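Below is one structure; the comments refer to it alone.
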Amino acid sequence: MDMQPPFPLNASAQPSVLHSARRLLRRLYRKVLLPAFALALLASMWAAARYQLGQEYDNSHQEAVLHSQSLARTLAEHSNHLLRQIDHAGQLFRLKFEESGGSLRLPEFSRPGGLLDSVLPSRQDLALALLDANGRIIDSQGGYFDPALGTGALFQNLAGAAAGELRIATPVVEPNTKKWQVQIALRLNRPGGAFAGALVMMIDPASFVQDYDRLNVEEQGAVILMNRDTGLSLLRVDDRLLISDTLDFQASSGSGAGSDELHLRQPFDQVERIYSSHDIPRYALIAVVGIARHNAMARFERLRLRYYGVAAVGSVLVLLFTTLLMQQSRRLRRSIHQANEAQRILRSAMDASLDAMFQFKAIREHGEIIDFLVTDVNERGAQLVGRSSAELLDRRITEVLPEVRDEGHMQRYIEVMRTGQAAEDEFELGFLPGGVRWLRHQVVPIKGGVAVTTRDISPRKLAELALRESEGRLRTIADTLPAMVAYIDADEVYRFHNLAYEREFSRAGQLVLGRTILETVGPARYAGLAPYVQRVLRGETITFEEEDSSDDDERCYEVVYIPQHGGEGEGGNVIGFHVMRQDITVQKREKQRLLKLSQIDALTGLTNRAGFLQKLHDSMLACRENDSLMAVMYMDIDHFKPVNDTYGHGVGDALLKAFSARLTSTMRVSDTVARLGGDEFTIIMERIAQESDAATLAAKIVQAMRVPFDLDGTVVSVSASIGLAFYSDEELSPAELLKQADTLLYQAKQGGRDTFRASRGRKVSMV
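Everything in the sequence shown is counted per my numbering, starting at 58 for the first residue and increasing by one.
So this is what it looks like as structure tokens:
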């Protein structure tokens with residue numbers, strides 16, 4: 058008895074199962090893998106964007122802390138300098154008081170050009186009072202002093218304090234002016250060291266925190282001076298001055314620049330700020346500056362919008378690309394299916410073709426090809442040679458068409474098989490039935506032989522005669538065009554040009570037709586044209602501008618190169634290219650004029666920021682090439698804002714124009730004067746002989762701006778502060794050189810304005 062297998066499936070069923078599994082995997086790949094890859098790419102892109110934004114946030118925050126710390130250091134230096142001046146004034150009064158046996162009085166001490174002016178050049182508006190040992194006010198000037206001042210804690214503390222120790226008391230409200238005043242007192246002694254009384258000075262607390270030009274605190278920034286012992290704080294925000302004893306800061310935890318940050322425990326307004334401090338240990342004070350967070354982090358906010366915008370656009374592109382890939386995949390599968398269908402009808406198409414088609418198999422003897430055997434032929438091919446398909450199949454070519462050997466066609470077939478490269482040509486045959494014919498012949502190598510496609514092109518050749526007649530008409534039309542038109546072959550030889558082209562080159566006595574581009578335009582101009590010629594001969598359509606300075610009148614042309622392909626369509630080799638040249642000199646000059654207008658400041662007529670930056674770049678480049686010396690001045694108008702605030706923007710604009718006119722008349726004709734914006738001006742001085750020449754001119758500008766400006770009946774007095782930087786051949790960018798001048802301007806304003814600061818090498822000259 059025959060045994061049955063345990064399963065109904067036999068071995069032949071296994072390939073079917075494997076085929077089904079492969080089809081399932083392909084479907085999963087098409088439906089799951091590509092979308093999953095796109096989602097992974099999107100996730101990684103957004104994660105990278107978030108990480109980079111975190112880094113940018115940390116950097117922006119760190120820069121804000123460092124900037125706040127720098128401003129706090131400047132405030133500390135300013136306050137310390139002011140207190141030292143007051144301290145010196147008090148010590149000098151104490152010394153002279155004791156030397157005079159207690160007879161020195163305030164009018165003698167504070168008279169113009171007296172002792173007070175010698176130690177207090179900034180001339181602070183101090184209110185002074187002299188108290189005797191019993192606390193009575195025996196002399197006062199410059200303000201109101203409470204008669205009960207001698208009974209207060211400040212005077213009592215001085216009575217038991219060491220000599221020479223300056224005491225700063227809690228601010229009080231001056232009854233006459235209703236303004237806050239800080240009391241500063243110094244103990245006075247008799248010659249034997251006994252307590253003789255006190256010198257009390259009162260100063261406006263705004264003097265410590267009001268110098269915004271030095272601090273450059275942006276809008277809503279806070280400037281604070283805190284007493285370490287009493288906790289009392291002087292606070293200035295914009296134009297508001299506050300005095301508080303409730304401000305409390307705590308240091309930031311962590312390391313690095315962020316550890317210098319302070320945090321306000323209880324905010325005094327709704328503005329979030331980044332604070333940093335600097336100690337004034339000698340007077341037990343702390344200088345604190347807070348920058349509004351929305352100003353400090355503005356750059357980060359712009360970066361965040363840009364990063365998220367780029368990520369969003371990238372996400373859209375990824376999704377779009379994924380969708381296109383999936384659609385393309387479906388199209389590819391459909392194309393494969395169509396290709397299979399096309400193969401099934403190929404034979405039918407071959408028989409219905411307008412071309413005669415043959416397949417020849419090589420016949421060899423001793424390794425050499427001696428003949429070809431006809432292995433396939435369509436109906437049109439049989440008609441071409443005047444035989445039936447049955448008469449041609451499996452017969453040698455030399456038997457049915459012996460002329461093929463004699464006229465070299467067989468040798469061409471052998472060459473195609475040897476090189477593996479298809480060959481195509483056109484020729485005339487007279488041995489075929491029907492008389493002389495022109496044929497287009499294409500030979501393609503196949504395994505063991507060649508495939509030949511032949512088409513009767515006799516009608517086309519007859520049409521060429523008609524084409525020659527149309528060329529004459531084309532010449533007439535081309536010669537009427539105002540543009541210059543020409544045709545250049547692949548060897549860069551002029552084969553055609555219209556009348557306008559001939560007129561252009563005949564002006565120089567040149568003949569164009571039959572000459573190469575190099576021979577026509579010369580080596581200098583050809584060097585500029587050669588890259589475009591090479592590109593068009595590779596099949597690329599080119600449009601560019603050509604400058605022609607061959608005669609006295611420089612001209613500009615818009616040139617278009619259009620490739621001419623041989624054969625049918627754009628797949629053939631480039632056999633030459635068409636040239637169209639049009640004179641655009643007028644349009645070019647108008648464009649340059651408009652560009653120049655875009656670099657002029659509308660209010661003052663000076664060069665604007667864009668024009669200045671371009672000129673600075675060009676001047677620095679010329680300075681390096683010529684090994685010369687140049688200078689850049691950066692200046693602004695001192696006290697311009699009060700003029701604007703007091704008289705209005707109309708007077709402010711008039712001041713800017715008058716200032717510009719006076720500045721221009723002060724400078725050399727070769728210097729470039731520009732307005733960067735607001736009340737900021739810059740000057741580029743090229744080819745200066747020595748640094749002192751520029752310094753002399755800067756001093757001249759400062760002197761000239763001291764003369765009041767009469768603005769249609771409104772007379773205003775301003776001054777100028779200037780930063781002067783020099784450049785020869787250092788490795789500096791224009792932005793770095795301008796930053797040097799800006800820093801020197803900042804130092805000039807620190808020095809009291811109405812002056813300039815100049816750099817010499819790497820040092821700064823205090824002028």
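Beta carbons: idealized from backbone N, C-alpha and C, even for Gly.
Source: prediction; values computed, not measured.
* **Inter-residue spacing [alpha-carbon to alpha-carbon] between proline 248 and arginine 151** => Position 191 of the sequence shown, counting from 1, holds the residue named residue 248. Position 94 of the sequence shown, counting from 1, holds the residue named residue 151. Proline 248 and arginine 151: Cα-Cα distance of roughly 11 Å.
* Per DSSP, the bridge partner or partners of cysteine 613 -> As a position in the sequence shown, residue 613 is number 556, starting the count at 1. Paired residue(s): Glu604.
* Grouping DSSP H, G and I as helix and E and B as strand, with all else coil, what is arginine 582? -> Taking the sequence shown and counting its residues from 1, one reaches residue 582 at position 525. The answer is helix: DSSP assigns arginine 582 an H, G or I state.
* Asked: Taking just the CA atoms, how far does valine 461 sit from serine 69?
  -> On the sequence shown, residue 69 is found 12 positions in, with the first residue counted as 1. On the sequence shown, residue 461 is found 404 positions in, with the first residue counted as 1. Since pLDDT at serine 69 reaches only 48, below the 50 mark, its modelled position is unreliable, and the value read off the structure follows with that caveat. Using only the alpha carbons, I get a separation of about 54 Å.
* To do: Decide yes or no for the touch test of the region 156–165 against the region 294–311: beta carbon pairs closer than 8 Å, at least 3 of them.
  => As far as the Cβ criterion goes, the region 156–165 does not touch the region 294–311, which means the pair count is below three.
* Could you tell me whether the region 500–511 touches the region 407–421, using the rule of 3 or more Cβ pairs below 8 Å? => yes
* Of the residues Tyr470, Gly668, Thr721, Pro459, which one's Cα is nearest the Cα of leucine 489? -> For the purposes of this step, residue 489 is identified with residue 432 of the sequence shown, where counting begins at 1. The option with the nearest alpha carbon to leucine 489 is Pro459.
* Apply the 10 Å Cβ neighbour rule to isoleucine 741 and answer buried if 16 or more other Cβ atoms are within range, or exposed otherwise. => What you label residue 741 is simply residue 684 of the sequence shown in a count that begins at 1. Looking at its Cβ environment, which holds 16 or more other Cβ atoms inside 10 Å, isoleucine 741 is buried.
* Alpha carbon to alpha carbon, what distance is there between glycine 278 and glutamate 358? -> In the sequence shown, counting from the first residue as 1, residue 358 sits at position 301. In the sequence shown, counting from the first residue as 1, residue 278 sits at position 221. Answer to the nearest angstrom: the Cα atoms are 19 Å apart.
* Thinking arginine 612 and aspartate 605 are a contact (beta carbons under 8 Å), I'd like their distance in whole angstroms, please. => Here residue 612 refers to the residue found at position 555 of the sequence shown. Here residue 605 refers to the residue found at position 548 of the sequence shown. That belief holds up - the Cβ atoms of arginine 612 and aspartate 605 are roughly 5 Å apart, short of 8 Å.
* To do: Return helix, strand or coil for arginine 810, following the three-state DSSP convention.
  => Locating residue 810 in the sequence shown gives position 753, where the first residue counts as 1. It is coil, neither helix nor strand.
* Asked: Per DSSP, which one or two residues make a beta bridge with methionine 283?
  -> Stepping through the sequence shown from its first residue, residue 283 is reached at position 226. According to DSSP, which records beta bridges pairwise, methionine 283 is partnered with Ser290, Ile343.
* Asked: In this structure, does DSSP put lysine 418 in helix, strand or coil?
  -> On the sequence shown, residue 418 is found 361 positions in, with the first residue counted as 1. In the structure shown, lysine 418 sits in a strand (DSSP, three-state: E or B).
* Asked: Roughly how many whole angstroms lie between the Cα atoms of isoleucine 17 and glutamine 213?
  -> Here the chain has residues from 58 to 824 only, and residue 17 is not among them.
* **arginine 814, buried or exposed, once every other Cβ within 10 Å from all chains shown has been counted against 16** => On the sequence shown, residue 814 is found 757 positions in, with the first residue counted as 1. The residue is buried, with at least 16 neighbouring Cβ atoms inside 10 Å.
* Should tyrosine 470 go down as buried or exposed, given a rule of 16 or more other Cβ atoms within 10 Å for buried? -> By one-based count along the sequence shown, residue 470 stands at place 413. It is buried - the Cβ of tyrosine 470 has at least 16 other Cβ atoms within 10 Å.
* Return the Cβ separation of phenylalanine 417 and glycine 477 in integer angstroms, given the expectation that the two are a contact with Cβ distance under 8 Å. => To locate residue 417, count along the sequence shown from 1; it is residue 360. To locate residue 477, count along the sequence shown from 1; it is residue 420. That pair is no contact at about 16 Å.
* **Environment of glutamate 318 [buried if 16+ CB atoms lie within 10 Å]** => In the sequence shown, residue 318 corresponds to position 261, counting from 1. The residue is buried, with at least 16 neighbouring Cβ atoms inside 10 Å.
* Would you be able to state if there are at least three C-beta pairs under 8 Å between the region 729–746 and the region 666–678? => yes
* For my contact list, leucine 794 and methionine 677 are in at a C-beta cut-off of 8 Å; report their separation, rounded to the angstrom. => Here residue 794 refers to the residue found at position 737 when the sequence shown is read from its first residue. Here residue 677 refers to the residue found at position 620 when the sequence shown is read from its first residue. Correct: roughly 7 Å between the Cβ atoms.
* Count the other C-beta atoms from every protein chain shown that fall within 10 angstroms of the C-beta of serine 77, then say buried if there are 16 or more, exposed otherwise. => Position 20 of the sequence shown holds residue 77. So serine 77 ends up on the exposed side.
* To do: Look at threonine 812 and serine 778 and say whether their C-beta atoms are less than 9 Å apart.
  => Your numbering for residue 812 matches position 755 in the sequence shown. Your numbering for residue 778 matches position 721 in the sequence shown. Yes.
* To do: Determine the extent of the alpha helix (DSSP H) in which glutamine 639 is found, giving its start and end residues.
  => Here residue 639 is taken as the residue at index 582 of the sequence shown, counted from 1. Here glutamine 639 belongs to no alpha helix (DSSP H); instead the beta strand (DSSP E) covers 631–640.
* To do: Could you tell me if serine 175 is buried or exposed, where buried requires 16 or more neighbouring beta carbons within 10 angstroms of its beta carbon?
  => Walking along the sequence shown from the start, residue 175 turns up at place 118. Exposed.
* To do: List in chain order: all unbroken alpha helix (DSSP H) runs of 4+ residues lying wholly within the region 163–227.
  => DSSP runs (the alpha helix (DSSP H)) wholly in the region 163–227: 163–167, 172–176, 210–216.
* Asked: What is the DSSP secondary structure of serine 785, counted as helix, strand or coil?
  -> Here the question's residue 785 lines up with position 728 in the sequence shown. The answer is coil: DSSP assigns serine 785 none of H, G, I, E or B.
* Under the three-state DSSP convention, the category serine 125 falls into -> The residue given as residue 125 occupies position 68 in the sequence shown. In the structure shown, serine 125 sits in a helix (DSSP, three-state: H, G or I).
* Quick one: what's serine 301 bridged to in DSSP? -> Reading the sequence shown from its first residue, position 244 is the one you call residue 301. BP columns for serine 301 point to Ser290.
* According to the Cβ coordinates, are threonine 598 and proline 620 closer than 9 Å? -> Translated into positions along the sequence shown, residue 598 becomes position 541. Translated into positions along the sequence shown, residue 620 becomes position 563. Their beta carbons are under 9 Å apart, which means threonine 598 touches proline 620 by this criterion.
* Asked: What are the uninterrupted segments assigned as beta strand (DSSP E) that are 3 or more residues long and contained completely in the region 650–697, given in chain order?
  -> 687–695
* Hey, glycine 147 and methionine 258 are a contact pair by Cβ (cut 8 Å); roughly how many whole angstroms apart? -> On the sequence shown, residue 147 is found 90 positions in, with the first residue counted as 1. On the sequence shown, residue 258 is found 201 positions in, with the first residue counted as 1. Between methionine 258 and glycine 147 the Cβ distance is about 7 Å, and since that is below 8 Å, they are a contact.
* Asked: Any idea what DSSP makes of glutamine 327, helix, strand or coil?
  -> One-based indexing of the sequence shown puts residue 327 at position 270. Of the three classes helix, strand and coil, the one that applies to glutamine 327 here is coil, per DSSP.
* Looking only at C-alpha atoms, which of Gly633, Asp451, Glu422, Ala752 sits nearest to aspartate 433? -> Translated into the one-based positions of the sequence shown, residue 433 becomes position 376. Among Gly633, Asp451, Glu422, Ala752, the Cα nearest to that of aspartate 433 is on Asp451.
* Beta-carbon proximity of leucine 128 to valine 367, cut-off 9 Å -> By one-based count along the sequence shown, residue 128 stands at place 71. By one-based count along the sequence shown, residue 367 stands at place 310. No, the pair does not count as a contact, with Cβ atoms beyond the cut-off.
* Assign asparagine 137 to one of three DSSP states: helix, strand, or coil. => For the purposes of this step, residue 137 is taken as the residue at position 80 of the sequence shown. Residue state, collapsed to three classes: helix.
* Asked: Excluding the five sequence neighbours on either side, which residues of its own chain have a C-beta within less than 7 Å of the C-beta of serine 333, listed in chain order?
  -> Within the sequence shown, numbered from 1, the residue matching residue 333 stands at position 276. If we look at serine 333 and ignore the five residues flanking it on each side, its Cβ neighbours are Val122, Ser125, Gln126, Ala129, Asp317, Glu318, Leu319, Val346.
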